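A.B. asks:
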């Protein structure tokens with residue numbers, strides 16, 4: 001059973017929106033990332049210190065120490081989460097002499113192109 005004209009227009013519109021949103025997502029999350037483990041360790045220590053301050057504030061019945069502990073814990077968590085950054089050219093693993101090869105080819109094709117190729121391959125069998 002075929003699609004009506006209205007359904008075909010809706011499908012085309014959804015596909016255009018998907019392509020547009022896919023480009024936005026790829027632009028914001030492109031490339032490999034590296035992690036600064038020193039920042040992660042300092043952030044975790046900050047969270048632990050904040051939790052200790054919260055417990056001390058509760059035991060001493062001083063709300064200001066608990067609030068300060070909460071602030072330290074939140075800042076530590078934010079510090080640890082900011083440890084990831086885009087990798088520089090030296091950090092990127094290469095498959096060929098100039099970054100050519102299967103990994104470079106995979107990154108250049110979009111998700112929809114790969115899905116379309118898989119769909120065509122299945123239908124040709």
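Numbering (UniProt numbering), first residue to last: 1 to 125.
We put the beta carbon where it would ideally sit given N, CA and C, even for glycine.
Since this is a predicted model, take the numbers as computed values, not measurements.
Among 4, 76 and 118, whose alpha-carbon lies nearest the alpha-carbon of residue 46?
C.D. replies: The shortest CA-to-CA distance from residue 46 to any of 4, 76 and 118 is the one to 76.
A.B. asks: Below 8 Å between beta carbons: does that hold for residue 53 and residue 72?
C.D. replies: Yes.
A.B. asks: How would you write the range of the alpha helix (DSSP H) that residue 62 sits in, first residue to last?
C.D. replies: Taken as a continuous stretch (DSSP letters only), residue 62 belongs to no alpha helix (DSSP H), as it is neither H nor E.
A.B. asks: By DSSP's criteria, residue 86 is part of a beta bridge. Which residues make up the other side?
C.D. replies: 33
A.B. asks: Mark residue 66 as exposed unless 16 or more other C-beta atoms lie within 10 angstroms of its C-beta, in which case mark it buried.
C.D. replies: buried
A.B. asks: Would you mind sorting residue 80 into buried or exposed? The rule is 16 or more other CB atoms within 10 Å of its CB.
C.D. replies: buried
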